[in-house]
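> Residue numbers (my numbering), protein chains in the order written: chain A, 416 to 585; chain B, 416 to 585. Backbone N, C-alpha and C define an ideal beta-carbon position, used for all residues, glycine too. Predicted model only: the values in this text are computed from it and were never measured. Take a look at this one; I'll ask things after.
2 protein chains.
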Amino acid sequence: MAKHHSPEAPAPASRIAQEIRQNRPFRSASQEALIALLRTTDRLRRGLSSVIEPTGITLQQYNVLRILRGARGEGLPTLEIAHRMVEETPGITRLLDRLEAKSLVRRERCRQDRRQVLCWIEPSGLDLLASLDGPVDRADESLLATLSAAEQRQLILLLDKIREGERHDP
Amino acid sequence: MAKHHSPEAPAPASRIAQEIRQNRPFRSASQEALIALLRTTDRLRRGLSSVIEPTGITLQQYNVLRILRGARGEGLPTLEIAHRMVEETPGITRLLDRLEAKSLVRRERCRQDRRQVLCWIEPSGLDLLASLDGPVDRADESLLATLSAAEQRQLILLLDKIREGERHDP
DNA sequence: GGAAAACACTTGACACGTCAACCAATGCGG
DNA sequence: CCGCATTGGTTGACGTGTCAAGTGTTTTCC
Chain A
416 MAKHHSPEAP
426 APASRIAQEI
436 RQNRPFRSAS
446 QEALIALLRT
456 TDRLRRGLSS
466 VIEPTGITLQ
476 QYNVLRILRG
486 ARGEGLPTLE
496 IAHRMVEETP
506 GITRLLDRLE
516 AKSLVRRERC
526 RQDRRQVLCW
536 IEPSGLDLLA
546 SLDGPVDRAD
556 ESLLATLSAA
566 EQRQLILLLD
576 KIREGERHDP
Chain B
416 MAKHHSPEAP
426 APASRIAQEI
436 RQNRPFRSAS
446 QEALIALLRT
456 TDRLRRGLSS
466 VIEPTGITLQ
476 QYNVLRILRG
486 ARGEGLPTLE
496 IAHRMVEETP
506 GITRLLDRLE
516 AKSLVRRERC
526 RQDRRQVLCW
536 IEPSGLDLLA
546 SLDGPVDRAD
556 ESLLATLSAA
566 EQRQLILLLD
576 KIREGERHDP
């Protein structure tokens, strides 16, 4: 026996399918999960950016500053920063150029190995980060507020598992 | 009684913390989940792009073509396409410009409402999509292959729940 | 110790994203 | 039926992302 209305809609149509007004079902659960990840993360990224960018830096620049603050006064080579970025960034040099232009970061060629350029965060960079700590924490929590603590842990584990699949074949 | 080695590492340090070589623990589970989402999705996005971009279109352009194919010959107004995109795109006009320049898409001003511009996918666009269907399906599955079907469903539900939190406050 | 490979960036060219301002067509209230 | 708000889209300016090729250093291995 049929469901209540609409003889046209056999499958209940997943939430994400409705959101992007897709008439046909997904070809696979993998595809639906991938699209849900892309869409959800895009939204979250914009949510975070809307907190960070009004201060005059981008999300990526913020990430660099956080990495340098984490180094606690130790200078980090350019590519080491690139390696630690949450999102990959081939444009790391120019990202640092812009941060240096704003005097949020200082760079110096390394004496021991003159190929490397070491980077430090400047006091004004630390100030900027300090002013963002509260707002960013609040944004993090509010963006994921619909998930319980247990669900957040579950999500983290699932994501870890996805990333496990990507080593081995370069 | 202490764990096996390293008197230095009190917390086990989450997987993502190791990946970005972060010495300090995350300030909250929300933050860790958010960073895991950003990092994981960035990797998946690049994985997908590496399948699509060699054909000469970007992931966003591919998304537009998929939307137009889904319309099955019906012309869609520009902003309707923007609305259906997986990732938000203010640059929809120029995206369509580039697709039109490659003759993958055709546009025409609507007669009933001359403000609107209707878009259709061209045969060469359909061919391009057809040639990508297999590779994209395979990429989808391989990128999420480490998750079981049940885990994929679980992930989709968690992501749906996150997006639920974002209506109401425009 | 000297050529060649590996490394750590840097640069140029170009596509793309983003925001605000703009324009034209339509709808709507008086 | 006339002004004014709304809708639908376009444009300019600018920052950023991305790839490939290039530069200067260090290491490696005869």
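Per the DSSP calculation, P492(A) is bridged to which residue(s)?
L533(A)
> Is it buried or exposed, Q527(B), if we count other Cβ atoms within 10 angstroms and call 16 or more buried?
By the neighbour-count rule (16 or more Cβ atoms within 10 Å), Q527(B) is not buried but exposed.
> Which chain B residues are close to T456(A), counting only those with a beta carbon under 7 Å from its beta carbon?
L452, L453 and T456
> Using a 10 Å radius around the Cβ and a threshold of 16 neighbouring Cβ atoms, would you call T456(A) buried or exposed?
buried
> Measure the C-alpha to C-alpha separation of E434(A) and E502(B) and round it to an integer number of angstroms.
12 Å
> Quick one: is G540(B) buried, meaning 16 or more other Cβ sit within 10 Å of its Cβ, or exposed?
Answer is buried; the Cβ neighbour count reaches 16.
> Buried or exposed, going by whether 16 or more other CB atoms sit within 10 Å of the CB of S445(B)?
buried
> Touching or not, the region 535 to 550 of chain A and the region 452 to 472 of chain A, by the rule of three or more beta carbon pairs under 8 Å?
yes
> Does the beta-carbon distance from A560(A) to I571(B) come in below 8 Å?
no
> Roughly how many whole angstroms lie between the Cα atoms of L377(B) and L480(A)?
For chain B, the structure presents residues 416 to 585; residue 377(B) sits outside this window and is missing.
> Please decide whether I571(B) counts as near chain A, where near means a Cβ-Cβ distance under 8 Å.
So, interface residue.
> Determine the chain B residues that contact I536(A) at a beta-carbon separation under 7 Å, and present them in chain order.
Going along chain B, no residue has its Cβ under 7 Å from I536(A), so there is no contact; the nearest lies around 15 Å.
> By Cβ distance, which residues of its chain are closer than 7 Å to A554(B), with the 5 residues on each side in sequence left out?
G462, L463 and V466
> Given a cut-off of 8 Å on the beta-carbon distance, is the pair Q476(B) and R513(B) in contact?
Yes, the pair counts as a contact, with Cβ atoms nearer than the cut-off.
> When you check each C-beta in the region 544 to 562 of chain B against every C-beta of chain A, which residues fall closer than 7 Å?
D552, D555, E556, L558, L559, A560, T561 and L562
> For the alpha helix (DSSP H) that contains R481(A), what are its first and last residues?
L474 to G485
> If I follow the unbroken alpha helix (DSSP H) through E566(A), where does it start and stop?
A564 to E579
> Return the residues of the region 475 to 494 of chain A that lie within a Cβ-Cβ distance of less than 7 Å from chain B, sorted by chain order.
Per Cβ criterion, the list reads G485.
> Is it the case that the Cβ atoms of A451(B) and P440(B) are separated by a distance below 8 Å?
no
> Would you list the one or two residues that DSSP bridges to E523(A)?
L533(A)
> Is the CB-CB distance between C534(B) and L483(B) below 8 Å?
yes
> Output, in chain order, the set of chain A residues within a Cβ distance shorter than 7 Å of Q567(B).
A444, S445 and A448
> Exposed or buried, R530(A), counting other C-beta atoms within 10 Å across all chains shown (16 or more means buried)?
Label assigned to R530(A): exposed.
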